[in-house]
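Positions 1 to 539 (the UniProt record's numbering) are the ones given, in order, by the sequence shown.
Glycine included, every Cβ here is placed at the ideal spot set by N, Cα and C.
Computed from a prediction, not measured in an experiment: that's the story for all the values here.
Here's the structure we're looking at; comments come further down.
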Amino acid sequence: MSEESADDHRPSSPLVLRVRQILNSCSKLIEGGDSHQSENSVSELVNFLETISDAALSDPDNVDAQNNALEVLLEIHGYLCSPSSDQEVIDALSLVLPKTVAKFACVSDRCLEIADSVIDRFIAMCNPRDMLSILCEALSKMIKASAYVAPLLSGLSKVFLSIQRRHFEQVKVAVPVIVSVLKVISSEPEDGDTEIDGLFDRAVGIANSIHEVCTKLEGIVNEKLRALLGLYVLQIMALVSVSMFYKQSSCHQLVSRLSCFYPYCSISYFGLMTGSDVDKMTNIVTGEDEDDYMSCLSYVKHGASLSVIWGNVLDGVAQAANEDLTAVKDELRSNQTERWQAVGMLKHIYSFVNLPWELKKHAIDFLLCITDENISQKCDEHIDFSSYMPSLFAALQAIKMVIMYAPDTVLRKLSFDAFKRLLADIPTSQRFDILKALITNSDSSSMIAILIDLVKGEMYMENRKRISTGNNEAQQTGNKECPNPFCWNASVLELVEFVLRPPQGGPPSLPEHGDAVLSALNLYRFVLITESTDWNLKG
1 MSEESADDHR
11 PSSPLVLRVR
21 QILNSCSKLI
31 EGGDSHQSEN
41 SVSELVNFLE
51 TISDAALSDP
61 DNVDAQNNAL
71 EVLLEIHGYL
81 CSPSSDQEVI
91 DALSLVLPKT
101 VAKFACVSDR
111 CLEIADSVID
121 RFIAMCNPRD
131 MLSILCEALS
141 KMIKASAYVA
151 PLLSGLSKVF
161 LSIQRRHFEQ
171 VKVAVPVIVS
181 VLKVISSEPE
191 DGDTEIDGLF
201 DRAVGIANSI
211 HEVCTKLEGI
221 VNEKLRALLG
231 LYVLQIMALV
241 SVSMFYKQSS
251 CHQLVSRLSC
261 FYPYCSISYF
271 GLMTGSDVDK
281 MTNIVTGEDE
291 DDYMSCLSYV
301 KHGASLSVIW
311 GNVLDGVAQA
321 ANEDLTAVKD
331 ELRSNQTERW
341 QAVGMLKHIY
351 SFVNLPWELK
361 KHAIDFLLCI
371 TDENISQKCD
381 EHIDFSSYMP
391 SLFAALQAIK
401 MVIMYAPDTV
411 LRKLSFDAFK
421 RLLADIPTSQ
431 RFDILKALIT
441 NSDSSSMIAI
451 LIDLVKGEMY
461 MENRKRISTG
471 NNEAQQTGNK
481 ECPNPFCWNA
491 SVLELVEFVL
501 RPPQGGPPSL
511 PEHGDAVLSA
521 LNLYRFVLIT
531 ESTDWNLKG
């Protein structure tokens, strides 16, 4: 005999009797066609249930309140499962009860189980498209508790399987609601919310349902739903990385499960690292008229690069994605434009404020792995750099922030090494402009000093190169000016002036800008020495 049936033979509490009375009243009014009174009766039921759930939630140590909540919830479930229940009544209750019942899920694990069963019953009895809208509306209330969201997510995963047509359109409507509530809960967890891992388990369950629906479709609909599945999985990957990192066992399992979707979605590590797979899926899902749709999937690029980082640091993850990470890294090392594309994706990790520092360190290690210490000698000066300049500048800015704010010395040092290697990967003809932009967009005196020292180092290396070659190229072409921007002392002096004569007027404020001032003076001295040496060589 089920627990629900056994309860029928126990004395009913006054609260259960009151719920039963209201349900019977709802049934008679709805069946009698009295819409106004039936709406009032349904509202009375909702208010009564919320009073009971609020009492249990406000005092978690009150055993009587916990038991009352469970008994009332069982009464609702028993009514819905009764063969005598009228479909019209169930349809009316389905409009309001899923949201109300979900609150009971926060009371206890047992209440969560019954809440799941109540919502499952509505899904089995009501129109799937109606239930999709109802569950999405309940999710959009944004109650920041994993237990409240959990039965609604499980309900959506079952609704997806019940939908008979327009699968892509229906799932596309639901995905923004799902990822939005997951983003809020994972970034701002409530105190004592220990169910976040279970919540993400249900989020993966939604991915499983979308995958199952995909396997039954063909042609363009299959392609579009697979692309949406891929974007959804990347978004969840980013959220898992932020909120589950310190629960290592659960996090690693979720990362592996999410990675298993990549082969089906035609996602490769190389396509993730260069961004090409993300762009392809985005174009398939949004078409030409719905670019704003991606605002709800704002972490897909973070998830793309994090997927590769996880594959690099966790055993079994790359295998789950069916990937050879060694071949991916070799390809990025050997191709400069693809490496720049990878840097453009990695910058999302470096600038991700909520991401654990250890993951940022793994991303810095990956950048060091795909760059070469002598990479400046391999730069192809003929590549059209202009289209990559904004992305590389943003990456350098993001790494600069890691250098400044990382809590540990090792990470700061590694980040500075990565910064210099990335700078060396930029063609000489553009390097000075990048450094100048970094300096003029920095508020930190210490960082400005470091960047000015890098300018001086570049000038020194270029000057040595000119001297060692004897300016043969310039002599052969009859050009007496070095074409290299680091020889343009006038431009370098603009940086000195920027520090010593700030744009906002007046002298630099001391001592807070002392590091930048000292570095600028040293650069000015170096320029004078360089010019003096050049004149002596010419003489």
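For my contact list, residue i and residue j are in at a C-beta cut-off of 8 Å; report their separation, rounded to the angstrom.
| i | j | result |
| --- | --- | --- |
| Val317 | Val240 | Going by Cβ atoms, the distance from Val317 to Val240 rounds to 12 Å, so no, they are not a contact pair. |
| Leu225 | His167 | 6 Å |
| Leu523 | Val492 | 7 Å |
| residue 561 | Lys420 | This structure leaves residue 561 out entirely; the chain is present only between 1 and 539. |
| Tyr269 | Glu323 | 5 Å |
| Val96 | Val42 | 6 Å |
| Pro508 | Val517 | 5 Å |
| Ser445 | Gly514 | 7 Å |
For residue i and residue j, what's the separation of their Cα atoms in angstroms?
| i | j | result |
| --- | --- | --- |
| Asp64 | Val313 | 49 Å |
| Thr530 | Asn463 | 8 Å |
| Leu15 | Ser186 | 36 Å |
| Tyr264 | Leu231 | 13 Å |
| Ile448 | Ala520 | 9 Å |
| Val175 | Ala207 | 10 Å |
| Asp130 | Leu57 | 29 Å |
| Val173 | Leu156 | 12 Å |
| Leu74 | Met404 | 56 Å |
| Leu272 | Lys301 | 8 Å |
| Leu451 | Ala394 | 15 Å |
| Thr215 | Asn222 | 8 Å |
| Met244 | Ile267 | 23 Å |
| Asn441 | Phe352 | 19 Å |
| Leu359 | Leu161 | 36 Å |
| Ile434 | Ala418 | 16 Å |
| Arg165 | Ser307 | 32 Å |
| Lys456 | Pro511 | 23 Å |
| Ser82 | Pro98 | 18 Å |
| Asn62 | Ser13 | 17 Å |
| Ser53 | Cys136 | 21 Å |
| Val46 | Ile349 | 45 Å |
| Leu258 | Gly198 | 15 Å |
| Ile399 | Val213 | 41 Å |
| Asn50 | Val285 | For the record, residue 50 in the displayed sequence is Glu; it is not Asn. If you take the alpha carbons of Glu50 and Val285, they lie about 39 Å apart. |
| Arg525 | Glu458 | 15 Å |
| His77 | Ser250 | 32 Å |
| residue 611 | Glu169 | Any property of residue 611 remains undetermined from this structure, which presents the chain solely from 1 to 539. |
| Thr337 | Thr282 | 22 Å |
| Leu23 | Val107 | 22 Å |
| Gly219 | Ser209 | 19 Å |
Leaving out the 5 sequence neighbours to the left and right, which residues in its chain are closer than 7 Å to residue i when beta-carbon positions are compared?
| i | result |
| --- | --- |
| Ala406 | Trp357, Arg412, Ser415 |
| Lys436 | Leu495 |
| His211 | Leu229, Phe261, Tyr264 |
| Ile134 | Ser94, Leu95, Pro98 |
| Ala320 | Ser256, Ser259, Cys260 |
| Phe486 | Here Phe486 scores only 45 on pLDDT, less than 50, and its place in the model should not be relied on; the value that follows carries that caveat. Only Phe432, Glu458, Met459, Glu462 meet the Cβ criterion. |
| Asp59 | Ala65 |
Starting from the C-beta of residue i, find all residues in its chain whose C-beta is less than 8 Å away, skip the five residues before and the five after it, and write them out in chain order.
| i | result |
| --- | --- |
| Asn354 | Ser187, Val242 |
| Asp408 | Trp357 |
| Asp86 | Ser27, Ile30, Glu31 |
| Leu423 | Leu396, Arg431, Ile434, Leu435, Leu454 |
| Val204 | Ile236, Leu254, Arg257, Leu258 |
| Leu438 | Phe393, Leu396, Gln397, Lys400, Leu451 |
Whose C-beta lies closer than 6 Å to the C-beta of residue i among residues of the same chain, with five residues either side of it excluded?
| i | result |
| --- | --- |
| Met125 | Ile90 |
| Val101 | Ala115, Val118 |
| Tyr299 | Gln235, Ala238 |
| Glu195 | Ser146, Ala147 |
| Ala55 | Ala65 |
| Glu88 | Ile30 |
| Pro128 | Val159, Ser162, Ile163 |
Shorter than 7 Å, the distance from the beta carbon of residue i to the closest heavy atom of the ligand MN, or not?
| i | result |
| --- | --- |
| Ala102 | The ligand MN is absent from the structure shown, which contains no ligand whatsoever. |
For the pair the stretch 365 to 374 and the stretch 295 to 303, tell me if three or more CB-CB distances fall below 8 Å.
no
For the stretch 84 to 100 against the stretch 28 to 46, are there 3 or more C-beta pairs whose distance is under 8 Å?
yes
Within the stretch 195 to 255, note down every full alpha helix (DSSP H) run reaching 4 residues or more, in order along the chain.
196 to 215, 219 to 243
Is there contact between the stretch 148 to 159 and the stretch 111 to 125, where contact requires at least three CB pairs shorter than 8 Å?
yes
When you compare the stretch 340 to 347 with the stretch 270 to 281, are there three or more beta-carbon pairs, one atom per stretch, that lie closer than 8 Å?
yes
Check whether the stretch 132 to 140 touches the stretch 170 to 184, counting contact only when three or more Cβ pairs, one atom from each stretch, lie closer than 8 Å.
yes
Which residue spans inside the stretch 391 to 454 form an unbroken alpha helix (DSSP H) run of at least 4?
409 to 424, 428 to 440
Are three or more beta carbon pairs between the stretch 98 to 113 and the stretch 65 to 72 nearer than 8 Å?
yes
Segments of 4+ residues assigned as alpha helix (DSSP H) that fall wholly inside the stretch 284 to 346
300 to 313, 317 to 320, 325 to 334
At what residue ranges does the stretch 63 to 96 contain a whole run of the alpha helix (DSSP H), taking only runs of 4 or more?
63 to 81, 87 to 94
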